[in-house]
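Engineer:
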Amino acid sequence: MTKTIRLTMAQALTRFLARQMTEIDGRKLPIFGGVWAIFGHGNVAGVGEALYQVRDELPTFRAHNEQAMAHAAIAYAKANFRRRFMAATSSIGPGALNMVTAAALAHVNRLPVLFLPGDVFANRVPDPVLQQVEDFSDGTTTINDCFRPVSRYFDRITRPEQIIPALNRAMQVLTDPAECGPVTLALCQDVQAEAFDYPESFFAERVWHQRRPRPDRGELAAAVVALKAATKPLVIAGGGVLYSQASGELAKLAQGAGIPVCETQGGKSSLPDDHPLNMAAVGVTGTSAANRLAEEADVVLAVGTRLQDFTTGSWALFKNSGKTIIGLNVQPFDAGKHQALPLVTDAAEGLAELGAALNGWQAPAAWTDNATKGKKDWQAEAGKVTASTNAAYPSDAQVIGAVQRAMGSDVILLHAAGGLPGELHKLWQAGAPGSYHAEYGFSTMGYEIAGGLGVKMAKPDEEVVVMIGDGSYLMLNSEIATSVMLGLKLTIVLLDNRGYGCINRLQMATGGANFNNLLKDARHEILPDIDFAAHAASLGAIAEKVSSIAGLETALAQAKKNTRTTVLVIDTDPLVSTEAGGSWWDVAVPEVSTRPQVNAARRAYDEKRQMQSVGD
């Protein structure tokens with residue numbers, strides 16, 4: 145007879161999570177780093193009581209905002225290259241909805257996180273309960289249905305025994321490199337408290353390993369033929385290189401075949417910035433070294449990338465009409481994009497087999513030499529824009545230069561959204577794999593500080609530097625207090641350009657008037673004079689406003705020595721961005737307007753659109 149144990153559904157859930165393990169560098173570790181929780185009536189009695197029972201095996205962390213705690217969980221998974229992850233639970237209603245943005249972020253970026261929102265009563269006796277939405281035509285609809293389009297797997301637990309197949313399926317998705325992404329298990333609040341005789345075998349320890357599928361022989365052969373015929377080959381390294389921990393295999397292939405490499409936002413740090421064949425950033429926010437090669441390339445080996453518009457310059461960057469794209473990706477959906485030759489495989493396995501099959505073949509020396517010369521030219525340009533200055537309002541690039549000089553390349557640098565991603569993608573000199581942490585897949589303002597917290601939880605011995613604009617800071621800054629409470633030190637550099645400077649520049653570039661982006665151009669009675677340093681200090685951080693680039697470098701040197709989160713604020717120029725590098729990006733301009741600036745921008749837009757490879 146099967147041995148059973150009587151538990152509530154919530155108790156079974158938390159006990160199961162605590163028994164799931166992984167193996168990293170020969171060490172067996174819990175695969176869940178913990179659970180983020182903000183309790184409400186929809187989860188405090190069921191999940192809350194269950195988490196208390198396993199608090200020593202499965203730690204619970206309290207945050208100040210549901211979206212922020214989910215961001216922290218996602219950043220934790222990304223910093224661990226998807227080998228470990230976290231869960232996040234909220235009550236029903238606004239608490240659950242706050243996590244939907246984070247679920248979309250995880251979905252776009254292919255990152256694992258387990259969402260456990262409370263839900264309505266399955267028995268419907270007390271309906272409508274507090275915070276329940278009601279669909280006049282569908283009695284089964286709840287607010288958690290908003291998670292469906294942004295979850296890789298969704299389930300609603302309406303009976304306690306349903307948690308058994310649901311959790312097994314959840315783990316398969318969270319650990320599968322191709323399906324990987326957010327999982328949502330909506331937990332009806334009465335069912336959380338209902339008991340069931342669960343088989344003891346359900347709680348047996350299980351160790352999950354990263355699957356590494358090898359390439360199909362036919363697809364590999366086609367890729368090798370294409371590469372050997374290339375005279376101007378180029379590798380685009382995406383986030384999949386890092387998740388697969390394939391940096392070593394990428395370096396071997398590049399060096400052995402003399403193929404230059406460029407990096408997407410997600411793939412930056414796949415190779416160290418000082419690697420001679422690393423041309424750094426590609427695309428809209430790319431370097432001149434990388435984009436010049438991308439324009440000419442006849443074979444593009446796209447490794448672990450979604451090939452989104454910022455990488456491809458809205459499909460206007462690759463100008464060689466006879467080019468071939470090889471889509472090396474663990475997910476067939478991505479591998480076959482834009483008529484690519486698909487090579488469905490794990491990045492490390494695929495790169496290793498490609499390198500072996502090329503068997504000493506090398507790209508023409510003139511192409512490789514041309515690439516290395518272009519890199520030197522770019523480095524000279526980058527050095528000019530990041531050099532120190534006495535300007536009262538330095539550029540973002542000049543602030544980046546100060547942070548680089550003061551902190552070096554052995555820190556983990558984190559950012560998201562706004563103008564900083566473009567500048568950092570081009571200019572930051574990343575070191576070890578994973579040392580550059582960008583959230584630009586969903587471009588989520590407010591990810592930065594919470595994401596930094598998640599990274600620090602994953603890498604407690606590393607120096608984590610967060611760069612953030614004033615707009616993002618005002619959207620979501622509450623987890624400064626959490627970082628102080630947990631003793632997880634961050635160094636936060638806040639660039640204050642008094643508004644949404646990035647979008648203001650885009651507005652101007654498309655012929656629009658300066659309107660509703662910078663604070664001075666928004667409707668106001670009084671312009672706010674925000675004391676960011678005082679605000680950060682009120683949350684428990686060490687905080688200082690610096691008045692110059694030199695002052696910032698001095699303050700950063702002190703921040704290294706500080707034992708708790710430090711926030712350094714500096715005023716910057718909202719209108720200046722790095723002109724060198726970059727490529728066109730498709731942002732539709734109105735066909736008709738009363739403004740001549742818009743009409744001129746439309747004419748330029750129509751001309752640029754002719755460069756796009758439609759259907760390519």
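First residue of the sequence shown: 145, per the numbering used here; consecutive thereafter.
Don't be surprised by glycine CBs; every beta carbon is placed ideally from N, CA and C.
1) Relative to the alpha-carbon of Thr455, which residue among Thr431, Ser465, Thr716 has its alpha-carbon at the smallest distance?
2) Inspect the CB distances between the region 335 to 353 and the region 376 to 385 and report whether three or more fall short of 8 Å.
3) Given that a residue counts as buried once 16 or more other Cβ atoms are within 10 Å of its Cβ, and exposed if not, what is Thr626?
4) Would Gly402 and Thr512 qualify as a contact pair, given that the criterion is a beta-carbon distance under 9 Å?
5) First and last residue of the alpha helix (DSSP H) that includes Gln316?
6) Among the candidates Val447, Pro404, Pro420, whose CA atom is the shortest distance from the CA of Asn435?
7) Evaluate Leu671 with the Cβ neighbour count: other Cβ atoms within 10 Å of its Cβ, from every protein chain shown; 16 or more gives buried, anything less gives exposed.
8) Does the region 625 to 643 touch the region 703 to 717, meaning 3 or more C-beta pairs lie closer than 8 Å?
9) Do Ala425 and Glu407 come within 9 Å of each other at the CB atom, strictly closer than that value?
10) For Val529, tell me which candidate among Leu557, Asn312, Gly545, Asn224 has the shortest Cα-Cα distance.
11) How is the alpha helix (DSSP H) around Ser391 delimited, first residue to last?
12) Could you pull the start and end residues of the alpha helix (DSSP H) that Ile624 belongs to?
13) For His251, count neighbouring C-beta atoms within 10 Å of its own C-beta (all shown protein chains included) and say buried if the count is 16 or more, exposed if not.
14) In this structure, does DSSP put Ile380 in helix, strand or coil?
15) Drop a sphere of 10 angstroms on the beta-carbon of Lys600, count the other beta-carbons inside from all chains shown, and report buried for 16 or more, exposed for fewer.
16) Can you check which of these residues, Glu623, Tyr580, Leu364, is closest to Lys412 by C-alpha distance?
17) Between the alpha carbons of Met230 and Ala162, how many angstroms are there, rounded?
18) Extract the residue ranges of the alpha helix (DSSP H) inside the region 230 to 308, only unbroken runs of 4 or more that lie entirely within it.
19) What is the DSSP secondary structure of Gln164, counted as helix, strand or coil?
20) What first and last residue would you give for the alpha helix (DSSP H) that runs through Met423?
21) Using CA coordinates, which residue listed in Ser692, Tyr196, Thr152 is at the minimum distance from Pro304?
22) Using the rule of at least 16 other Cβ atoms within 10 Å of the residue's Cβ for burial, across every protein chain shown, is Thr284 buried or exposed?
23) Does the separation of the CB atoms of Leu371 and Trp522 fall below 9 Å?
24) Among the residues of its own chain, which have a CB less than 7 Å from the CB of Lys481, if the five just before and after it don't count?
25) Let me know if Ile287 comes out buried or exposed under the rule of 16 or more other beta-carbons within 10 Å of its beta-carbon.
26) Between the region 166 to 173 and the region 306 to 314, do at least 3 Cβ pairs fall closer than 8 Å?
27) Report the rounded CA-to-CA distance for Val385 versus Arg227, giving the unit in angstroms.
28) Could you please give the first and the last residue of the uninterrupted beta strand (DSSP E) stretch that includes Ile218?
29) Measure the beta-carbon distance from Gly262 to Ala240 and round it to whole angstroms, keeping in mind my assumption that it falls under 8 Å.
30) Would you kindly work out how many angstroms separate the C-alpha atoms of Ala96 and Asn464, rounded to a whole number?
31) Would you mind giving the Cβ-Cβ distance between Ala266 and Val191, rounded to the nearest angstrom? I have them listed as a contact below 8 Å.
32) What is the DSSP secondary structure of His668, reduced to helix, strand or coil?
33) Helix, strand or coil for Cys646 per DSSP?
34) Taking 9 Å as the threshold (C-beta atoms), are Ala491 and Ala390 in contact?
35) I'd like to confirm the pairing. Which residues does DSSP put opposite Asn473 in its beta bridges?
36) Our contact map puts Val257 next to Ile218 with C-beta atoms below 8 Å; I'd like the distance itself, whole angstroms only.
Structural biologist: Reading from the atomic positions:
1) Reading the sequence shown from its first residue, position 311 is the one you call residue 455. When each option's Cα is compared against that of Thr455, the closest is Thr431.
2) no
3) Sequence index remark: in the sequence shown, residue 626 carries index 482 (1-based). Classification of Thr626: buried, given that the 10 Å Cβ count is 16 or more.
4) Stepping through the sequence shown from its first residue, residue 402 is reached at position 258. Stepping through the sequence shown from its first residue, residue 512 is reached at position 368. Between Gly402 and Thr512, the CB-CB gap stays under 9 Å.
5) As a first step, residue 316 is located in the sequence shown; it is residue number 172 there, counting from the start. Unbroken alpha helix (DSSP H) run through Gln316: 307 to 319.
6) For this step, residue 435 is matched to residue 291 along the sequence shown. Considering only alpha carbons, the answer is Pro404.
7) Locating residue 671 in the sequence shown gives position 527, where the first residue counts as 1. By the neighbour-count rule (16 or more Cβ atoms within 10 Å), Leu671 is not buried but exposed.
8) yes
9) Looking up residue 407 in the sequence shown gives position 263. Looking up residue 425 in the sequence shown gives position 281. The answer is yes: Cβ separation under 9 Å.
10) By 1-based counting over the sequence shown, the position of residue 529 is 385. The candidate whose alpha carbon is nearest that of Val529 is Gly545.
11) Here residue 391 is taken as the residue at index 247 of the sequence shown, counted from 1. Here the alpha helix (DSSP H) through Ser391 covers 391 to 401.
12) Taking the first residue of the sequence shown as position 1, residue 624 is located at position 480. Taken as a continuous stretch (DSSP letters only), the alpha helix (DSSP H) holding Ile624 covers 623 to 630.
13) Numbered from 1 along the sequence shown, position 107 holds the residue referred to as residue 251. The residue is buried, with at least 16 neighbouring Cβ atoms inside 10 Å.
14) In the sequence shown, the residue the question calls residue 380 occupies position 236. Three-state result, Ile380: strand.
15) Locating residue 600 in the sequence shown gives position 456, where the first residue counts as 1. By the beta-carbon neighbour count (other beta carbons within 10 angstroms, threshold 16), Lys600 is buried.
16) By 1-based counting over the sequence shown, the position of residue 412 is 268. Here the closest residue by C-alpha is Tyr580.
17) Numbered from its first residue, the sequence shown carries residue 230 at position 86. Numbered from its first residue, the sequence shown carries residue 162 at position 18. Near 11 Å, if we compare the C-alpha coordinates of Ala162 and Met230.
18) Within the region 230 to 308, the complete alpha helix (DSSP H) runs of at least 4 residues fall at 238 to 242, 244 to 253.
19) Within the sequence shown, the letter at position 20 stands for residue 164. Three-state DSSP puts Gln164 in a strand.
20) Taking the sequence shown and counting its residues from 1, one reaches residue 423 at position 279. Careful: Met423 lies outside any alpha helix (DSSP H), inside the beta strand (DSSP E) at 422 to 425.
21) As a first step, residue 304 is located in the sequence shown; it is residue number 160 there, counting from the start. Nearest of Ser692, Tyr196, Thr152 to Pro304, Cα basis: Thr152.
22) One-based indexing of the sequence shown puts residue 284 at position 140. So Thr284 counts as exposed.
23) The count along the sequence shown starts at 1 and reaches residue 371 at position 227. The count along the sequence shown starts at 1 and reaches residue 522 at position 378. Not a contact, by the Cβ cut-off of 9 Å.
24) The count along the sequence shown starts at 1 and reaches residue 481 at position 337. Leu451, Gly471, listed in sequence order.
25) Along the sequence shown, one-based indexing puts residue 287 at 143. Burial call: buried.
26) no
27) Against the sequence shown, residue 385 aligns to sequence position 241. Against the sequence shown, residue 227 aligns to sequence position 83. Roughly 14 Å between the two C-alpha positions.
28) In the sequence shown, the residue the question calls residue 218 occupies position 74. Unbroken run through Ile218 is the alpha helix (DSSP H), 210 to 223; no beta strand (DSSP E).
29) Indexing the sequence shown from 1 puts residue 262 at position 118. Indexing the sequence shown from 1 puts residue 240 at position 96. Going by Cβ atoms, the distance from Gly262 to Ala240 rounds to 7 Å, so yes, they are a contact pair.
30) Given a span of 145 to 760 for the chain in the structure shown, any question on residue 96 remains unanswerable.
31) The sequence position of residue 266 within the sequence shown is 122, counting from 1. The sequence position of residue 191 within the sequence shown is 47, counting from 1. Actually they are not in contact, since the Cβ atoms of Ala266 and Val191 sit about 15 Å apart, beyond 8 Å.
32) As a working note, residue 668 is residue 524 in the sequence shown. Coil at His668, not helix or strand.
33) As a working mapping, residue 646 is identified with position 502 in the sequence shown. In this structure, Cys646 counts as helix in the three-state DSSP scheme.
34) The count along the sequence shown starts at 1 and reaches residue 390 at position 246. The count along the sequence shown starts at 1 and reaches residue 491 at position 347. Contact: yes.
35) The residue given as residue 473 occupies position 329 in the sequence shown. Note: Asn473 sits in a beta bridge opposite Val488.
36) Taking the sequence shown and counting its residues from 1, the one referred to as residue 257 is at position 113. Taking the sequence shown and counting its residues from 1, the one referred to as residue 218 is at position 74. The pair is a contact, with the Cβ atoms about 5 Å apart (cut-off 8 Å).
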